[in-house]
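Protein chains in written order, with the numbering used here: chain A, 1086 to 1295; chain B, 1086 to 1295; chain C, 1086 to 1295. Data block below; observations after.
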Amino acid sequence: MFATTSELISIISILGTVAFAFSAVLAASEKHSDILTVVVLGIVTAVGGGTTRDVLLGVPVFWSEELSYIWIAIASSIFGFVCVSFLKKHWVNTINLYVDAVAIAMFSIQGTQKAWSLGFGLPIGPIILGVITAVGGGVIRDVLIQRPTLLLSKELYAIPVTIGCILYSATLVYVPQLSDISAVIAIALVLYIRYLAIRKKVQVPKWASL
Amino acid sequence: MFATTSELISIISILGTVAFAFSAVLAASEKHSDILTVVVLGIVTAVGGGTTRDVLLGVPVFWSEELSYIWIAIASSIFGFVCVSFLKKHWVNTINLYVDAVAIAMFSIQGTQKAWSLGFGLPIGPIILGVITAVGGGVIRDVLIQRPTLLLSKELYAIPVTIGCILYSATLVYVPQLSDISAVIAIALVLYIRYLAIRKKVQVPKWASL
Amino acid sequence: MFATTSELISIISILGTVAFAFSAVLAASEKHSDILTVVVLGIVTAVGGGTTRDVLLGVPVFWSEELSYIWIAIASSIFGFVCVSFLKKHWVNTINLYVDAVAIAMFSIQGTQKAWSLGFGLPIGPIILGVITAVGGGVIRDVLIQRPTLLLSKELYAIPVTIGCILYSATLVYVPQLSDISAVIAIALVLYIRYLAIRKKVQVPKWASL
Chain A
1086 MFATTSELIS
1096 IISILGTVAF
1106 AFSAVLAASE
1116 KHSDILTVVV
1126 LGIVTAVGGG
1136 TTRDVLLGVP
1146 VFWSEELSYI
1156 WIAIASSIFG
1166 FVCVSFLKKH
1176 WVNTINLYVD
1186 AVAIAMFSIQ
1196 GTQKAWSLGF
1206 GLPIGPIILG
1216 VITAVGGGVI
1226 RDVLIQRPTL
1236 LLSKELYAIP
1246 VTIGCILYSA
1256 TLVYVPQLSD
1266 ISAVIAIALV
1276 LYIRYLAIRK
1286 KVQVPKWASL
Chain B
1086 MFATTSELIS
1096 IISILGTVAF
1106 AFSAVLAASE
1116 KHSDILTVVV
1126 LGIVTAVGGG
1136 TTRDVLLGVP
1146 VFWSEELSYI
1156 WIAIASSIFG
1166 FVCVSFLKKH
1176 WVNTINLYVD
1186 AVAIAMFSIQ
1196 GTQKAWSLGF
1206 GLPIGPIILG
1216 VITAVGGGVI
1226 RDVLIQRPTL
1236 LLSKELYAIP
1246 VTIGCILYSA
1256 TLVYVPQLSD
1266 ISAVIAIALV
1276 LYIRYLAIRK
1286 KVQVPKWASL
Chain C
1086 MFATTSELIS
1096 IISILGTVAF
1106 AFSAVLAASE
1116 KHSDILTVVV
1126 LGIVTAVGGG
1136 TTRDVLLGVP
1146 VFWSEELSYI
1156 WIAIASSIFG
1166 FVCVSFLKKH
1176 WVNTINLYVD
1186 AVAIAMFSIQ
1196 GTQKAWSLGF
1206 GLPIGPIILG
1216 VITAVGGGVI
1226 RDVLIQRPTL
1236 LLSKELYAIP
1246 VTIGCILYSA
1256 TLVYVPQLSD
1266 ISAVIAIALV
1276 LYIRYLAIRK
1286 KVQVPKWASL
């Protein structure tokens, strides 16, 4: 009846990669990009964060050993290119935002975990690499397409990810026996704040901005 | 009478590095850059793509073991800085575009070949790294100088490179005994599409853009 | 009475990291960034150059083994966020510019030295990596915040750093017994040119610009 944890992670990874690629298609459509640029941006958004993490860790980039991420990003980008008006429908975009939320929550936890397991700059290195894993691809996408990067937006996007990574990294380093429950709480927290941002339009509070 | 293949490759590498640096000088002249920025952009354009490829492959960056690329990029940038009005002459610019076309064709094949020989994410890894080798330096140049990157242009530039890399990578992986002839065809194809773009002003077709 | 050289280097490293983070706060304040973005930009500015250097060298990124740089960058960014009007005072900003000048001088020498000790592309590799160490973080900051990068400014910033790195690298490679005195001269030279730029508003001369 229920999927195992590893099956669940695989499903979220696939859906998350699709959501990342779709976000790139929407960004590319603002600039009337061609099909190759859409695919390039789809790949960059989907794997750019994890690639940056792996380069900083000094380990082989993950997709060189697991090409499915690239294939999914390419297929999603091409689908998105052909069906861009479908992607722009309000309900489709909303679903995509929620899938993206689940994905950034999970990818940030995975990135934190990978850095921690390699003993990379504990306790803060895993936080930094967790955040990079989740939002790095989106930042590179925005730089390549020359629109204001998500770092400059008032949307609650990188902030919930960072909170989740801080919580999870602290647990891994100081009370590792609680890491599973901490991962669940961190993901739930990211999802809840993203829900507030998407559904209730909650933004970064004024006192937290310059 | 005829140069050997390896001599031919050396000559094209040198001329291509010069052409890449000259393209950086022209980009820098739009922003009235100083001499150091011209040289920095010349180096970045000339070796940025191959450097990104080598970082992703996890191998030493190529120019740390073969500094001639850097020296040529510096010398060309300084020459271009002094003689910028010469570079802007229509016939000089046209020659530069054709030399650039030969260079991106050859560098993309070399990048594909290097990734393939290291078994990096076959069959799609070599395509991605081949494209990055050829156009990555130009993209970084555009980001640093804050003009729309070549990915956002309607010019047929990255598209022919990608087609060539797909053809060559597919041959290497599936029918390696044909790789030499495939390399020649891939380069000829890139050159032909670049010729159409430069001479006939053929652009990315409307149906292939959002 | 006098600090040892290694104590002096530690003090300058700390103050320089603070100055880099403060420059990021000032840049972020132009865009009304939120606290997380301020911290991200503070970290990127403080360690981005050295991180790029280490990735190109193929060695572990320095801050994964010496987290104090990250902690100082975070603390300085948060302090700067809270006290941004203090940072914008003319005399505070002037002090920050001078501390920044000392820091880029020293970091460029350290970066040159690290590349040279690894035999990276002598004699020009150390120059390139020295410059990247000192100004790379600022360039990434400017790209992420989408303002014209310091490479496009008329300010004498990257140029004195480059002159210092050329002098120091040449000494290391050709007359290593003079490397200590050369480091001092290189740092003094960078400081003097930065002093002319900050105090006397000396800019890149016209003949050195396109």
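Every residue, glycine too, gets a C-beta built ideally from N, C-alpha and C.
Legend entry - Burial state of C:Asp-1265, where buried means 16 or more other Cβ atoms lie within 10 Å: With fewer than 16 other beta carbons inside 10 angstroms of its own, C:Asp-1265 counts as exposed.
Inset, instruction - Closer than 6 Å by C-beta to B:Thr-1136: which residues in its own chain qualify, once you throw out the five before and the five after it? Chain order, please. - result: If we look at B:Thr-1136 and ignore the five residues flanking it on each side, its Cβ neighbours are Val-1146.
Inset, instruction - Classify C:Gln-1262 as buried or exposed, calling it buried when 16 or more other Cβ atoms lie within 10 Å of its own Cβ. - result: With fewer than 16 Cβ atoms within 10 Å of its Cβ, C:Gln-1262 is classed as exposed.
Inset, instruction - Starting from B:Ser-1114, find everything on chain C with Cβ-Cβ shorter than 9 Å and list it in chain order. - result: Here the neighbours are Leu-1295.
Inset, instruction - Find out if the Cβ-Cβ distance for the pair A:Val-1289, C:Asp-1119 is shorter than 7 Å. - result: Taking C-beta atoms as the reference points, A:Val-1289 and C:Asp-1119 count as a pair closer than 7 Å.
Inset, instruction - For A:Leu-1142, return the contacting residues in chain B, with the cut-off set at a CB-CB distance below 9 Å. - result: The contacting residues do not exist; A:Leu-1142 stays about 11 Å from chain B at best.
Legend entry - Any C-beta of chain E under 7 Å from that of C:His-1175: Absent from the structure is chain E; the protein chains it does hold are A, B and C.
Inset, instruction - Could you tell me whether any Cβ in chain C is nearer than 7 Å to the Cβ of B:Val-1169? - result: Yes, because at least one Cβ of chain C sits closer than 7 Å to the Cβ of B:Val-1169.
Legend entry - Separation of A:Gln-1231 from B:Leu-1236, as counted between CA atoms: Roughly 11 Å separates the two Cα atoms.
Legend entry - Cutoff 7 Å: A:Thr-1137 Cβ touching any chain B Cβ: Under the 7 Å criterion on CB atoms, A:Thr-1137 is classed as non-interfacial with respect to chain B.
Inset, instruction - Can you tell me the Cβ-Cβ gap for B:Ile-1194 and B:Ala-1268, rounded? I've got them flagged as a contact below 8 Å. - result: 5 Å between Cβ atoms; contact.
Inset, instruction - Could you tell me the boundaries of the alpha helix (DSSP H) in which A:Thr-1234 lies? - result: Premise fails: A:Thr-1234 is in no alpha helix (DSSP H) and is neither H nor E.
Inset, instruction - Can you tell me which of B:Ile-1248, B:Trp-1292, B:Ala-1255 puts its alpha carbon nearest to the alpha carbon of B:Ile-1272? - result: For the residues B:Ile-1248, B:Trp-1292, B:Ala-1255, the minimum Cα distance to B:Ile-1272 belongs to B:Ile-1248.
Legend entry - Alpha carbon of B:Gly-1206 to alpha carbon of C:Leu-1295, nearest angstrom: Computed Cα separation, rounded: 43 Å.
Legend entry - Residue-level contact to chain A via CB, B:Met-1086, 7 Å cutoff: In this predicted model, B:Met-1086 has a pLDDT of only 45, less than 50, meaning its place in the structure is not dependable; the value taken from the coordinates is given anyway. Not a single CB atom of chain A sits nearer than 7 Å to the CB of B:Met-1086.
Inset, instruction - In angstroms with no decimal places, state the Cα-to-Cα distance between A:Phe-1192 and B:Leu-1172. - result: A:Phe-1192 and B:Leu-1172 have their C-alpha atoms spaced approximately 48 Å apart.
Inset, instruction - Report yes if the CB atom of A:Gly-1196 is closer than 7 Å to the CB atom of A:Leu-1182, and no otherwise. - result: Cβ distance not < 7 Å, so A:Gly-1196 and A:Leu-1182 don't count as in contact.
Legend entry - Alpha carbon of C:Thr-1102 to alpha carbon of C:Gly-1127, nearest angstrom: Distance between the alpha carbons of C:Thr-1102 and C:Gly-1127 is about 9 Å.
Inset, instruction - Assign A:Met-1086 to one of three DSSP states: helix, strand, or coil. - result: Because A:Met-1086 sits at a pLDDT of 45, beneath the cut-off of 50, its placement in the model cannot be relied upon, and the point is left open.
Inset, instruction - Assign B:Ser-1294 to one of three DSSP states: helix, strand, or coil. - result: Strand at B:Ser-1294.
Inset, instruction - Sort C:His-1117, C:Ile-1096, C:Lys-1116 by Cα distance to C:Ser-1153 and report the nearest one. - result: The closest CA to that of C:Ser-1153, considering only C:His-1117, C:Ile-1096, C:Lys-1116, is found on C:Ile-1096.
Legend entry - Selection of the stretch 1185-1198 of chain A by Cβ proximity to chain B, strictly under 9 Å: Listed in sequence order: no entries.
Inset, instruction - Report yes if the C-beta distance between A:Leu-1123 and A:Ala-1113 is below 7 Å; otherwise report no. - result: Before going on, a small fix: residue 1123 of chain A reads as Val here, not Leu. When the beta-carbon positions are compared, A:Val-1123 and A:Ala-1113 come within less than 7 Å of each other.
Legend entry - C:Val-1246 versus C:Arg-1279: straight-line alpha-carbon distance, rounded: Put simply, the backbone Cα of C:Val-1246 is about 9 Å away from that of C:Arg-1279.
Legend entry - Alpha-carbon spacing of A:Val-1167 relative to C:Phe-1166, whole angstroms: Between A:Val-1167 and C:Phe-1166, the C-alpha separation is close to 45 Å.
Inset, instruction - Check whether the Cβ atoms of B:Val-1140 and C:Val-1140 lie closer than 7 Å to each other. - result: Taking C-beta atoms as the reference points, B:Val-1140 and C:Val-1140 count as a pair closer than 7 Å.
Legend entry - chain B contacts made by the stretch 1116-1131 of chain A, where a contact means CB separation under 8 Å: Listed in chain order, the positions of the stretch 1116-1131 of chain A with a beta carbon within less than 8 Å of a beta carbon of chain B are Lys-1116, His-1117, Ser-1118, Asp-1119, Ile-1120, Leu-1121, Thr-1122, Val-1123, Val-1125, Leu-1126, Ile-1128.
Legend entry - Neighbour-count burial assignment, B:Ile-1155, 16 or more Cβ in a 10 Å radius: The residue is buried, with at least 16 neighbouring Cβ atoms inside 10 Å.
Legend entry - Reference B:Ile-1209, options B:Ile-1157, B:Ala-1255, B:Ile-1244, closest by Cα: Ranking B:Ile-1157, B:Ala-1255, B:Ile-1244 by Cα distance to B:Ile-1209 puts B:Ala-1255 first.
Legend entry - Residue range of the unbroken alpha helix (DSSP H) whose run includes A:Trp-1148: No alpha helix (DSSP H) holds A:Trp-1148; DSSP gives it neither H nor E.
Inset, instruction - Determine the contact status of A:Leu-1276 and A:Val-1184, defining contact as a CB-CB distance below 7 Å. - result: No, the Cβ-Cβ distance between A:Leu-1276 and A:Val-1184 is not below 7 Å.
Inset, instruction - Would you mind giving the Cβ-Cβ distance between A:Leu-1229 and A:Val-1144, rounded to the nearest angstrom? I have them listed as a contact below 8 Å. - result: With a contact defined as Cβ atoms closer than 8 Å, A:Leu-1229 and A:Val-1144 miss out at about 24 Å.
Legend entry - Reference A:Glu-1304; option with closest CA among A:Asp-1227, A:Ser-1161, A:Gly-1222: Because residue 1304 of chain A is not part of the residues shown, which for chain A are 1086 to 1295, the question remains open.
Inset, instruction - Kindly indicate the opening and closing residues of the alpha helix (DSSP H) around C:His-1175. - result: First-last of the alpha helix (DSSP H) with C:His-1175: 1175-1202.
Inset, instruction - Quick one: list the residues of chain A neighbouring B:Ala-1243, beta-carbon separation under 8 Å, in chain order. - result: Simply Leu-1121, Thr-1122, Val-1125.
Legend entry - Length of the line joining the Cα atoms of B:Val-1177 and C:Ala-1106: Straight-line Cα distance between these residues: approximately 45 Å.
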